[in-house]
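Step one of this worksheet: look at the structure below.
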Amino acid sequence: MAKEKVFAVFGLGTFGLEVCRVISEKGGKVIAVDYQIELIEKVKNMVTQAVLIDSTDEQSLKNAPIEDIDVAVVGIGQNIESSILTTAVLKNLGVPYIIARAASDIHGQVLKQVGATEVINIEIEEGKRLASKLISPDIIDKIYIGQNQILAEVMCSKSMIGKSVMALDLRKKLNVNIISIKHTSTKIDEMGNPVVENVVDFPSPSTIILKDDILVVVGREKDIDKLKEI
5 MAKEKVFAVF GLGTFGLEVC RVISEKGGKV IAVDYQIELI EKVKNMVTQA VLIDSTDEQS
65 LKNAPIEDID VAVVGIGQNI ESSILTTAVL KNLGVPYIIA RAASDIHGQV LKQVGATEVI
125 NIEIEEGKRL ASKLISPDII DKIYIGQNQI LAEVMCSKSM IGKSVMALDL RKKLNVNIIS
185 IKHTSTKIDE MGNPVVENVV DFPSPSTIIL KDDILVVVGR EKDIDKLKEI
């Protein structure tokens, strides 16, 4: 039986609290760490364990229950010195995978140098997402999966409606693959209230694109951007 992963979140601001909440709701084991008692009180009933310590103090961390941590998330945002010191201490104590939040590119470079396995810059990522949404409102969401490949949810265009997957032939035209299609329909329940239902279909060549369908596609970002021209 595989060992259950243990996650630790350092810094319980808005970002850290949300990470704790989502992992806990999905059944994950979470250790929450912060030096502010009010934040520990806020999260203690949500997580597996809440620890009140200064994570920049190596001796304090040595005495904390971190020996079984598989993934550490350093969510400390504005206090750059604390985020760097915490990352360095966790690396020194042998935590195998450290994800650290950066406030800038330079901050991210330093975090990598002191031991972060992965660095995320929320401001930059959200800026990219907003810019993409503004320039391509038909693309609902996208995830970068490497080698300039993305997984994206795209609203079908008017010209796609009524056509089959085979007729669209996106793979040949744009080298874009349709993974699934989300159909949305509205039904009336027994109380007379409208109920919106979402059905995910794994399409065959004969599947017809319907009004308001959302296509889940994989391909290069520049090719997916051309879907609006189809």
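Under the numbering used here, think of the first position of the sequence shown as 5, with each following residue one higher. Heads up, the beta-carbon is just placed ideally off N, CA and C, and yes, glycines get one too.
- request: Please classify E8: does DSSP put it in a helix, a strand, or coil?
  value: Coil at E8, not helix or strand.
message: Restricting to runs no shorter than 3 residues, where is the beta strand (DSSP E) found entirely within the stretch 48-123?
response: Entirely contained in the stretch 48-123, the beta strand (DSSP E) runs reaching 3 residues are, in chain order, 53-56, 75-78, 101-105.
- prompt: Which stretch, first to last residue, makes up the alpha helix (DSSP H) that contains K33?
  reply: Segment 33-38 is the beta strand (DSSP E) holding K33; no alpha helix (DSSP H) there.
message: My output table needs one value for D205: the three-state DSSP class, helix, strand or coil.
response: In the three-state reduction of the DSSP assignment, D205 falls in the strand class, which pools E and B.
- request: Pull up the DSSP beta-bridge partners for S189, would you.
  value: BP columns for S189 point to E201.
field: Backbone CA spacing between K116 and V123 [nearest angstrom]
entry: The straight-line gap from Cα to Cα measures roughly 7 Å.
Segment limits, beta strand (DSSP E) that includes I218: Per DSSP, I218 belongs to the beta strand (DSSP E) from 218-224.
- request: With DSSP as the reference, label S184 as helix, strand or coil.
  value: Three-state result, S184: strand.
- request: Just tell me which of H187, T18, Y148, M170 has its CA closest to the CA of C160.
  value: When only C-alpha atoms are compared, the closest one is H187.
message: Rounded to the nearest angstrom, what separates I88 and D38 at their Cα positions?
response: Distance between the alpha carbons of I88 and D38 is about 15 Å.
message: Does I126 come out as helix, strand or coil in the three-state DSSP assignment?
response: I126 falls in the helix class under three-state DSSP.
query: Are the stretch 43-53 and the stretch 75-94 touching, with three or more C-beta to C-beta distances below 8 Å?
result: Here the stretch 43-53 does not lie against the stretch 75-94, with fewer than 3 beta-carbon pairs under 8 Å apart.
message: Whole angstroms are fine: how far does the CA of L155 sit from the CA of K146?
response: A direct Cα-Cα distance of roughly 6 Å separates K146 from L155.
As assigned by DSSP and simplified to three states, the class of E157: In this structure, E157 counts as strand in the three-state DSSP scheme.
field: CB-CB length for P69 against I35, believed under 8 Å
entry: Indeed, because the Cβ distance is near 6 Å, the residues count as touching under 8 Å.
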